[in-house]
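Visitor: Under the UniProt record's numbering, the sequence shown has 444 at position 444, and the numbering climbs by one with no breaks. Below you'll find the structure I mean.
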Amino acid sequence: MCGIIGYTGKEAALPLILGGLERLEYRGYDSAGVALIENGSLVVEKRVGKIRELVKNLWGKPYRGRTGIGHTRWATHGEPSLENAHPHTDERGEFAVVHNGIVENYLELRRELEDRGVSFRSDTDTEVIAHLIAGAYEGDLLSAVLAVVNRLRGAFAFAVVTSKEPGRIVGVKQGSPLVVGVGEGENFLASDIPAILPYTRRVITLSDGEVVDVTPEGVNIYDFNGNPVTKEVVLVPWDIISAEKAGFKHFMLKEIYEQPKAIGDTIRGLVSAGEALPFDLREFRRILLIACGTSYHAGLVGKFWIEKFTGVPTEVLYASEFRYADTPVNEDDLVVGISQSGETIDTKFAVNFAREKGARTLAVVNVVGSSIDRESDYTLYTHAGPEIGVAATKTFTAQLAALYYLSISGHPQSETLLSELMKVPALVEEALERAEEIERVSQDYLRCRNFLYLGRYLSYPIALEGALKLKEISYIHAEGYPAGEMKHGPIALIDESMPVVVVAPQDRVYEKTLSNVEEVRTRKGRVIGVGFEGDDRLAKMCREFLEIPPAPEDLTPFLTVVPLQLLAYYIASKLGLDVDQPRNLAKTVTVE
Ligand code: M6R
Numbered sequence: 001m002c003g004i005i006g007y008t009g010k011e012a013a014l015p016l017i018l019g020g021l022e023r024l025e026y027r028g029y030d031s032a033g034v035a036l037i038e039n040g041s042l043v044v045e046k047r048v049g050k051i052r053e054l055v056k057n058l059w060g061k062p063y064r065g066r067t068g069i070g071h072t073r074w075a076t077h078g079e080p081s082l083e084n085a086h087p088h089t090d091e092r093g094e095f096a097v098v099h100n101g102i103v104e105n106y107l108e109l110r111r112e113l114e115d116r117g118v119s120f121r122s123d124t125d126t127e128v129i130a131h132l133i134a135g136a137y138e139g140d141l142l143s144a145v146l147a148v149v150n151r152l153r154g155a156f157a158f159a160v161v162t163s164k165e166p167g168r169i170v171g172v173k174q175g176s177p178l179v180v181g182v183g184e185g186e187n188f189l190a191s192d193i194p195a196i197l198p199y200t201r202r203v204i205t206l207s208d209g210e211v212v213d214v215t216p217e218g219v220n221i222y223d224f225n226g227n228p229v230t231k232e233v234v235l236v237p238w239d240i241i242s243a244e245k246a247g248f249k250h251f252m253l254k255e256i257y258e259q260p261k262a263i264g265d266t267i268r269g270l271v272s273a274g275e276a277l278p279f280d281l282r283e284f285r286r287i288l289l290i291a292c293g294t295s296y297h298a299g300l301v302g303k304f305w306i307e308k309f310t311g312v313p314t315e316v317l318y319a320s321e322f323r324y325a326d327t328p329v330n331e332d333d334l335v336v337g338i339s340q341s342g343e344t345i346d347t348k349f350a351v352n353f354a355r356e357k358g359a360r361t362l363a364v365v366n367v368v369g370s371s372i373d374r375e376s377d378y379t380l381y382t383h384a385g386p387e388i389g390v391a392a393t394k395t396f397t398a399q400l401a402a403l404y405y406l407s408i409s410g411h412p413q414s415e416t417l418l419s420e421l422m423k424v425p426a427l428v429e430e431a432l433e434r435a436e437e438i439e440r441v442s443q444d445y446l447r448c449r450n451f452l453y454l455g456r457y458l459s460y461p462i463a464l465e466g467a468l469k470l471k472e473i474s475y476i477h478a479e480g481y482p483a484g485e486m487k488h489g490p491i492a493l494i495d496e497s498m499p500v501v502v503v504a505p506q507d508r509v510y511e512k513t514l515s516n517v518e519e520v521r522t523r524k525g526r527v528i529g530v531g532f533e534g535d536d537r538l539a540k541m542c543r544e545f546l547e548i549p550p551a552p553e554d555l556t557p558f559l560t561v562v563p564l565q566l567l568a569y570y571i572a573s574k575l576g577l578d579v580d581q582p583r584n585l586a587k588t589v590t591v592e
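Below you can see the structure in the form of structure tokens.
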């Protein structure tokens with residue numbers, strides 16, 4: 001993961017780099033650093049912790065250099081420490097590198113360099129890149145980088161500057177994301193588009209196996225053999241306002257409230273002619289939905305819809321498991337990669353693997369131009385806008401909208417089903433009106449150390465998602481379980497100290513779920529029920545009752561997830577935790 005940024009142009013580079021790093025901080029925040037070319041010399045500043053620690057350390061330092069690179073780290077090789085913070089330099093301090101991803105053969109390269117007498121200052125894989133480039137340098141940074149890239153294995157992106165050629169940044173993309181921001185007399189490099197949006201909306205998305213040579217005057221792209229590559233400059237539709245907090249305390253809360261718009265925009269985007277499906281799902285023998293984390297939970301909901309509306313057997317698989325299993329895949333299969341970022345390396349590799357086996361591939365992604373978008377045969381976009389909070393919220397419900405749309409495409413009643421789907425934004429709006437009540441309820445659960453989340457059928461993935469939201473931002477252990485499975489084990493955990501969140505809309509399994517609520521009550525568990533407004537029967541069985549507006553069975557996942565997102569948010573926020581950047585996590589997971 002990690003975020004990298006580079007600037008070269010007419011302005012002082014430092015404030016632009018720090019601004020960009022703040023917008024990339026969601027990618028990792030174990031340490032941060034910058035390297036600037038100041039009057040022909042390389043200056044490196046770094047700090048352990050968040051960007052604000054680096055900013056504090058830089059106060060009053062008069063850096064005016066117009067070229068520099070920056071990094072925010074999510075530790076993979078080497079613990080979070082000053083030595084391991086980026087940028088990393090060669091022994092003479094003339095070359096500085098910021099890097100995202102993993103150089104898998106770094107130990108072999110490190111041993112080779114050490115045998116030549118090079119001494120290392122960090123435990124990172126990145127430092128080998130700095131030493132290799134310094135060793136290969138013969139007066140041209142681009143040539144030195146080209147001489148080195150073919151020796152590196154793994155999935156990575158990096159940027160390098162040298163005091164020997166002020167004004168020049170060379171970047172490499174191989175498996176991890178890297179974009180170029182094109183300005184007037186200035187140019188940028190970054191891991192992600194939002195980092196550079198305040199400065200330019202003209203972007204080039206690099207592909208794997210490309211090297212970019214950036215100066216204030218121009219951007220030149222090459223393949224790893226040094227052959228020039230022509231790329232299109234794309235105008236990005238997002239503006240920075242949509243990436244600010246707009247008065248909310250946290251991005252996560254803002255994004256929870258943006259769900260009606262995210263769902264509505266997604267439906268409108270998909271309905272537009274440009275995104276019509278080029279195939280009928282019924283052509284396939286089988287559909288595989290492949291994803292990680294919250295996107296996997298969206299896939300679990302999507303499976304129920306696809307099987308109901310198309311009859312095509314559908315499986316949902318964790319990308320990290322699928323890739324190394326012997327699951328047979330062939331040209332009769334449709335493989336759908338679901339990913340907010342479009343950069344999750346496990347999902348990307350899994351989709352590529354399936355395509356190599358002859359399957360047709362479809363991406364469901366939020367980031368236009370991301371790797372999974374570009375590398376799949378077709379794409380359905382979720383038009384949720386940038387999501388900054390590490391915990392996925394609006395992109396989850398936008399993914400649900402895309403999967404529902406996918407499942408009803410080609411169905412004889414698709415028009416009626418679509419008009420039902422179009423009512424969802426207004427229903428989610430209503431569900432959000434209960435936020436105050438959920439905030440009040442959250443107060444009583446701040447000291448709990450464990451939660452159980454239960455649901456059946458379409459509410460089972462929502463139970464999983466509610467538990468994931470709580471654990472990732474509040475650090476409270478939470479387990480999601482199919483309600484009917486509780487009696488096969490987890491029931492042993494239940495006593496008066498165990499909050500049990502039961503997702504129980506009035507659907508085909510409502511009566512069964514209520515029996516499970518009874519089982520919890522009999523063992524004195526503290527039931528927090530999520531159900532339809534006016535459901536007095538459920539309300540009477542629960543210690544707390546979180547209402548959602550009544551809706552047709554198929555659409556309940558859009559609504560039942562809202563109180564669970566809010567419950568997790570208010571618990572974490574009241575505990576004073578860093579809701580948008582929870583410990584140990586990063587927004588985009590580009591390591592296996
Ligand atoms: O970008 P992706 O949708 O591929 O990301 C997948 C997971 O990393 C992501 O959903 C993660 O689990 C979130 N932190 C969940 O809130």
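Using N, Cα and C, we set each Cβ at its ideal position, and we do this for glycine too.
Phenylalanine 558 by DSSP, collapsed to three states: which one?
Guide: helix
Visitor: Just to confirm, are leucine 380 and valine 367 a CB contact at a threshold of 8 Å?
Guide: no
Visitor: Would the C-beta of glutamine 340 count as close to the ligand M6R, meaning under 7 Å from any of its heavy atoms?
Guide: yes
Visitor: Are there 16 or more other CB atoms within 10 angstroms of the CB of tyrosine 257, so buried, or fewer, so exposed?
Guide: buried
Visitor: Measure the C-alpha to C-alpha separation of lysine 348 and lysine 469 and round it to an integer number of angstroms.
Guide: Between lysine 348 and lysine 469, the C-alpha separation is close to 23 Å.
Visitor: Report the rounded CA-to-CA distance for alanine 10 versus glutamate 165, giving the unit in angstroms.
Guide: What sits at residue 10 in the sequence shown is lysine, not alanine. Between lysine 10 and glutamate 165, the C-alpha separation is close to 16 Å.
Visitor: Per DSSP, what kind of secondary structure is glutamate 38 in: helix, strand or coil?
Guide: strand
Visitor: Which one or two residues does DSSP pair with valine 316 in a beta bridge?
Guide: Leu289
Visitor: Taking only the alpha-carbon atoms, compute the straight-line gap between proline 194 and phenylalanine 532 and give it to the nearest angstrom.
Guide: Using only the alpha carbons, I get a separation of about 38 Å.
Visitor: Determine the DSSP secondary structure at valine 424, reduced to helix, strand or coil.
Guide: Here valine 424 sits in helix by DSSP.
Visitor: Just to confirm, does serine 295 get its C-beta within under 7 Å of one of the non-hydrogen atoms of the ligand ZN?
Guide: Annotation note on the ligand ZN: not contained in the displayed structure, which lists the ligand M6R as its ligands.
Visitor: Using the rule of at least 16 other Cβ atoms within 10 Å of the residue's Cβ for burial, across every protein chain shown, is serine 515 buried or exposed?
Guide: exposed
Visitor: Does the Cβ of threonine 230 have 16 or more other Cβ atoms within 10 Å, making it buried, or fewer, making it exposed?
Guide: exposed
Visitor: Any chance the CB of leucine 546 is under 7 Å from a heavy atom of the ligand M6R?
Guide: no
Visitor: Can you grab the Cα-Cα spacing for the pair glutamate 429 / proline 260, in whole Å?
Guide: 6 Å
Visitor: Using the Cβ count rule (16 or more neighbours within 10 Å means buried), how would you classify valine 527?
Guide: buried
Visitor: Put residue 593 into one of helix, strand or coil per three-state DSSP.
Guide: A question about residue 593 goes unanswered here, because the residues of the chain that appear run from 1 up to 592.
Visitor: Counting only the same chain and skipping the five closest in sequence on each side, list residues whose C-beta sits under 6 Å from that of valine 172.
Guide: Val149, Phe158 and Val211
Visitor: Per DSSP, what kind of secondary structure is isoleucine 196 in: helix, strand or coil?
Guide: coil
Visitor: Could you give the uninterrupted runs of the beta strand (DSSP E) lying entirely in the stretch 123-184, keeping only those of 3 residues or more?
Guide: Secondary structure within the stretch 123-184: the beta strand (DSSP E) runs of 3 or more consecutive residues, fully enclosed, are 154-162, 169-174 and 179-182 (chain order).
Visitor: Cβ-heavy atom distance between threonine 397 and the ligand M6R below 7 Å?
Guide: no
Visitor: Quick one, are the C-beta atoms of residue 594 and arginine 110 less than 8 Å apart?
Guide: Here the chain has residues from 1 to 592 only, and residue 594 is not among them.
Visitor: Bridge partners for leucine 464 per DSSP, in chain order?
Guide: In DSSP, leucine 464 forms no bridge with anything.
Visitor: Give the list of continuous alpha helix (DSSP H) stretches no shorter than 4 residues that lie fully inside the stretch 369-448.
Guide: Counting only runs of 4 or more, we get 371-375, 394-408, 414-421, 424-432 and 435-442.
Visitor: Under a Cβ-count criterion, where at least 16 other Cβ atoms within 10 Å of its own Cβ denotes burial, should proline 557 be classed as buried or exposed?
Guide: buried
Visitor: Quick check on DSSP: helix, strand or coil for threonine 8?
Guide: Threonine 8: strand per DSSP, three-state reduction.
Visitor: Taking only heavy atoms of the ligand M6R into account, decide whether any of them is closer than 7 Å to the Cβ of cysteine 2.
Guide: Not so, every heavy atom of the ligand M6R lies at least 7 Å from the Cβ.
Visitor: Is the beta carbon of threonine 588 within less than 7 Å of some heavy atom of the ligand M6R?
Guide: For the ligand M6R, a non-hydrogen atom lies closer than 7 Å to the CB of threonine 588.
Visitor: Mind the definition here: the stretch 179-197 touches the stretch 134-152 only if three or more C-beta pairs lie below 8 Å; say whether that holds.
Guide: no
Visitor: Apply the 10 Å Cβ neighbour rule to proline 461 and answer buried if 16 or more other Cβ atoms are within range, or exposed otherwise.
Guide: buried
Visitor: Cα-Cα, which of Ile290, Gly6, Ile338 and Asp213 is closest to aspartate 140?
Guide: Asp213
Visitor: Taking 8 Å as the threshold (beta carbon to beta carbon), is isoleucine 17 in contact with chain C?
Guide: In the structure shown, chain C does not exist; there is a single protein chain.
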